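Novice:
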Amino acid sequence: MHIKSFIVAGLAAVASAIPASQVASNIDQVTTASRELQAPAKQLSVLDAPLILVGQGNFPPIVTGFTDIVQTLQVFLDQMDPETYSGNGADVIFDSFRTFVYVHQELLNILIGKAGLFSTVPIIGQPVSAVLRALEAAIDTFVLSLIDMMESRVMDMKASAKALGSTLDTTIDAYNGLVE
2 MHIKSFIVAG LAAVASAIPA SQVASNIDQV TTASRELQAP AKQLSVLDAP LILVGQGNFP
62 PIVTGFTDIV QTLQVFLDQM DPETYSGNGA DVIFDSFRTF VYVHQELLNI LIGKAGLFST
122 VPIIGQPVSA VLRALEAAID TFVLSLIDMM ESRVMDMKAS AKALGSTLDT TIDAYNGLVE
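In this text, residue positions in the sequence shown follow our numbering: the first is 2, and each later residue adds one.
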(Lines of atoms letter the chains of each structure in order from A and count residues from 1; the text may use other names and numbers.)
(Lines give C-alpha, C1' and ligand atoms only; values in the text may rest on other atoms or scores of the structure.)
Protein backbone atom coordinates (compact mmCIF):
# COMPACT_ATOMS: atom_id res chain seq x y z
CA MET A 1 0.00 0.00 0.00
CA HIS A 2 2.81 2.38 0.90
CA ILE A 3 4.69 1.65 -2.34
CA LYS A 4 1.57 2.35 -4.37
CA SER A 5 1.36 5.83 -2.76
CA PHE A 6 4.94 6.56 -3.80
CA ILE A 7 4.28 5.43 -7.36
CA VAL A 8 1.14 7.56 -7.63
CA ALA A 9 2.97 10.56 -6.17
CA GLY A 10 5.85 10.02 -8.58
CA LEU A 11 3.55 9.80 -11.58
CA ALA A 12 1.74 12.95 -10.48
CA ALA A 13 5.06 14.77 -10.30
CA VAL A 14 6.01 13.61 -13.78
CA ALA A 15 2.60 14.53 -15.15
CA SER A 16 2.80 18.01 -13.63
CA ALA A 17 6.32 18.75 -14.86
CA ILE A 18 6.40 21.82 -17.07
CA PRO A 19 7.87 21.22 -20.53
CA ALA A 20 10.84 23.35 -21.54
CA SER A 21 8.73 24.97 -24.24
CA GLN A 22 6.31 26.24 -21.57
CA VAL A 23 9.14 27.64 -19.45
CA ALA A 24 10.44 29.40 -22.58
CA SER A 25 6.94 30.69 -23.34
CA ASN A 26 6.71 32.08 -19.80
CA ILE A 27 10.00 33.90 -20.29
CA ASP A 28 8.76 35.18 -23.66
CA GLN A 29 5.71 36.69 -21.92
CA VAL A 30 7.97 38.67 -19.61
CA THR A 31 10.10 39.70 -22.60
CA THR A 32 6.99 41.03 -24.35
CA ALA A 33 5.99 42.98 -21.23
CA SER A 34 9.46 44.49 -21.05
CA ARG A 35 9.42 45.37 -24.74
CA GLU A 36 6.06 47.12 -24.33
CA LEU A 37 7.54 49.37 -21.63
CA GLN A 38 10.16 50.70 -24.03
CA ALA A 39 7.70 53.07 -25.75
CA PRO A 40 6.69 54.99 -22.60
CA ALA A 41 10.32 54.94 -21.44
CA LYS A 42 11.46 56.52 -24.71
CA GLN A 43 8.78 59.20 -24.35
CA LEU A 44 9.90 60.27 -20.87
CA SER A 45 10.54 63.99 -20.71
CA VAL A 46 11.06 66.63 -18.06
CA LEU A 47 7.29 67.20 -18.21
CA ASP A 48 6.77 63.78 -16.64
CA ALA A 49 8.39 64.93 -13.39
CA PRO A 50 5.41 66.88 -12.01
CA LEU A 51 2.93 64.47 -13.60
CA ILE A 52 4.19 61.53 -11.52
CA LEU A 53 2.85 63.31 -8.44
CA VAL A 54 -0.70 63.02 -9.78
CA GLY A 55 -0.26 59.57 -11.34
CA GLN A 56 -0.12 60.78 -14.92
CA GLY A 57 2.48 60.91 -17.66
CA ASN A 58 4.83 58.15 -18.73
CA PHE A 59 6.19 57.05 -15.34
CA PRO A 60 3.04 55.37 -13.93
CA PRO A 61 2.76 52.89 -16.82
CA ILE A 62 6.44 52.02 -16.38
CA VAL A 63 6.13 51.54 -12.62
CA THR A 64 2.92 49.53 -13.10
CA GLY A 65 4.55 47.48 -15.86
CA PHE A 66 7.52 46.60 -13.66
CA THR A 67 5.14 45.66 -10.84
CA ASP A 68 3.24 43.42 -13.26
CA ILE A 69 6.50 41.76 -14.33
CA VAL A 70 7.37 41.10 -10.67
CA GLN A 71 3.96 39.50 -10.11
CA THR A 72 4.19 37.49 -13.32
CA LEU A 73 7.60 36.12 -12.36
CA GLN A 74 6.19 35.09 -8.98
CA VAL A 75 3.32 33.24 -10.66
CA PHE A 76 5.79 31.46 -12.94
CA LEU A 77 7.94 30.51 -9.95
CA ASP A 78 4.90 29.11 -8.17
CA GLN A 79 4.07 26.97 -11.24
CA MET A 80 7.57 25.58 -11.75
CA ASP A 81 8.46 22.09 -10.69
CA PRO A 82 12.00 21.16 -9.75
CA GLU A 83 12.70 19.52 -13.09
CA THR A 84 16.12 19.49 -14.71
CA TYR A 85 16.39 20.43 -18.37
CA SER A 86 19.32 19.50 -20.57
CA GLY A 87 20.13 19.35 -24.25
CA ASN A 88 17.51 20.89 -26.50
CA GLY A 89 15.21 21.76 -23.58
CA ALA A 90 17.94 23.77 -21.88
CA ASP A 91 18.81 25.44 -25.19
CA VAL A 92 15.19 26.52 -25.76
CA ILE A 93 14.95 27.99 -22.26
CA PHE A 94 18.32 29.71 -22.54
CA ASP A 95 17.48 31.23 -25.93
CA SER A 96 14.31 32.75 -24.46
CA PHE A 97 16.21 33.98 -21.42
CA ARG A 98 18.96 35.50 -23.56
CA THR A 99 16.32 37.39 -25.58
CA PHE A 100 14.72 38.59 -22.34
CA VAL A 101 18.09 39.85 -21.10
CA TYR A 102 18.70 41.73 -24.36
CA VAL A 103 15.23 43.33 -24.44
CA HIS A 104 15.27 44.16 -20.74
CA GLN A 105 18.73 45.70 -20.97
CA GLU A 106 17.46 47.89 -23.82
CA LEU A 107 14.66 49.12 -21.56
CA LEU A 108 16.97 49.68 -18.63
CA ASN A 109 19.46 51.57 -20.80
CA ILE A 110 16.65 53.86 -21.96
CA LEU A 111 15.81 54.56 -18.31
CA ILE A 112 19.46 55.16 -17.46
CA GLY A 113 19.66 57.69 -20.28
CA LYS A 114 16.51 59.45 -19.08
CA ALA A 115 17.54 59.64 -15.40
CA GLY A 116 19.55 62.81 -15.99
CA LEU A 117 16.38 64.63 -17.05
CA PHE A 118 15.09 64.35 -13.51
CA SER A 119 18.18 65.27 -11.51
CA THR A 120 16.50 68.43 -10.24
CA VAL A 121 13.32 66.57 -9.25
CA PRO A 122 14.34 64.06 -6.56
CA ILE A 123 10.75 62.88 -5.99
CA ILE A 124 11.07 60.75 -9.15
CA GLY A 125 13.82 58.57 -7.75
CA GLN A 126 11.98 56.92 -4.87
CA PRO A 127 9.12 55.20 -6.72
CA VAL A 128 11.30 54.23 -9.67
CA SER A 129 14.19 52.86 -7.60
CA ALA A 130 11.75 51.02 -5.29
CA VAL A 131 10.09 49.17 -8.16
CA LEU A 132 13.50 48.48 -9.73
CA ARG A 133 14.71 46.88 -6.48
CA ALA A 134 11.58 44.70 -6.38
CA LEU A 135 12.16 43.79 -10.02
CA GLU A 136 15.78 42.92 -9.31
CA ALA A 137 14.78 40.61 -6.45
CA ALA A 138 12.13 38.87 -8.58
CA ILE A 139 14.52 38.40 -11.50
CA ASP A 140 17.26 37.10 -9.17
CA THR A 141 14.90 34.51 -7.67
CA PHE A 142 13.62 33.48 -11.09
CA VAL A 143 17.13 33.18 -12.53
CA LEU A 144 18.35 31.10 -9.60
CA SER A 145 15.45 28.71 -10.19
CA LEU A 146 16.31 28.50 -13.88
CA ILE A 147 19.99 27.89 -13.13
CA ASP A 148 19.06 25.08 -10.75
CA MET A 149 17.03 23.44 -13.52
CA MET A 150 19.55 23.70 -16.37
CA GLU A 151 22.58 21.47 -16.17
CA SER A 152 24.01 22.09 -19.61
CA ARG A 153 23.60 25.89 -19.79
CA VAL A 154 24.55 26.90 -16.24
CA MET A 155 27.57 28.98 -17.28
CA ASP A 156 25.63 30.73 -20.05
CA MET A 157 22.74 31.48 -17.68
CA LYS A 158 25.10 32.86 -15.05
CA ALA A 159 26.88 35.08 -17.57
CA SER A 160 23.61 36.47 -18.94
CA ALA A 161 22.21 36.94 -15.44
CA LYS A 162 25.37 38.76 -14.37
CA ALA A 163 25.13 41.13 -17.34
CA LEU A 164 21.47 41.85 -16.59
CA GLY A 165 22.22 42.31 -12.89
CA SER A 166 24.92 44.83 -13.71
CA THR A 167 22.54 46.85 -15.89
CA LEU A 168 19.85 46.69 -13.20
CA ASP A 169 22.35 47.92 -10.59
CA THR A 170 23.34 50.83 -12.83
CA THR A 171 19.68 51.74 -13.36
CA ILE A 172 18.91 51.55 -9.64
CA ASP A 173 21.96 53.70 -8.88
CA ALA A 174 20.84 56.26 -11.47
CA TYR A 175 17.45 56.63 -9.79
CA ASN A 176 18.73 56.28 -6.22
CA GLY A 177 20.78 59.37 -6.94
CA LEU A 178 17.50 61.21 -7.47
CA VAL A 179 16.28 60.44 -3.95
CA GLU A 180 16.95 63.25 -1.48
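Using N, Cα and C, we set each Cβ at its ideal position, and we do this for glycine too. Nothing here was measured: the structure is a model prediction, and the numbers come from that model.
#1: Go through the segment 93–175 residue by residue and report every complete run of the beta strand (DSSP E) that reaches 3 residues or more, in order.
#2: Leaving out the 5 sequence neighbours to the left and right, which residues in its chain are closer than 8 Å to L108 when beta-carbon positions are compared?
#3: N177 to D149, Cα distance in whole Å?
#4: When the distance is taken between beta carbons, is F60 closer than 8 Å to D49?
#5: Going by DSSP, what residue range makes up the alpha helix (DSSP H) through G66?
#6: From L45, L169, T32, pick the residue whose C-alpha is nearest to that of S97; which is it?
#7: Grab the span of the alpha helix (DSSP H) containing S35 for me, first residue to last.
#8: Can you give me the start and stop residues for the alpha helix (DSSP H) that A18 sits inside?
#9: For T172 versus I125, is the C-beta distance shorter than 8 Å?
#10: Between Q30, V132, K159, L133, which lies nearest to L145 when the distance is taken from Cα to Cα?
Specialist: On the basis of the supplied data:
#1: none
#2: S35, R36, L38, Q39, A42
#3: 32 Å
#4: yes
#5: 60–80
#6: T32
#7: 21–37
#8: Element bounds for A18: n/a, residue is neither H nor E.
#9: no
#10: K159
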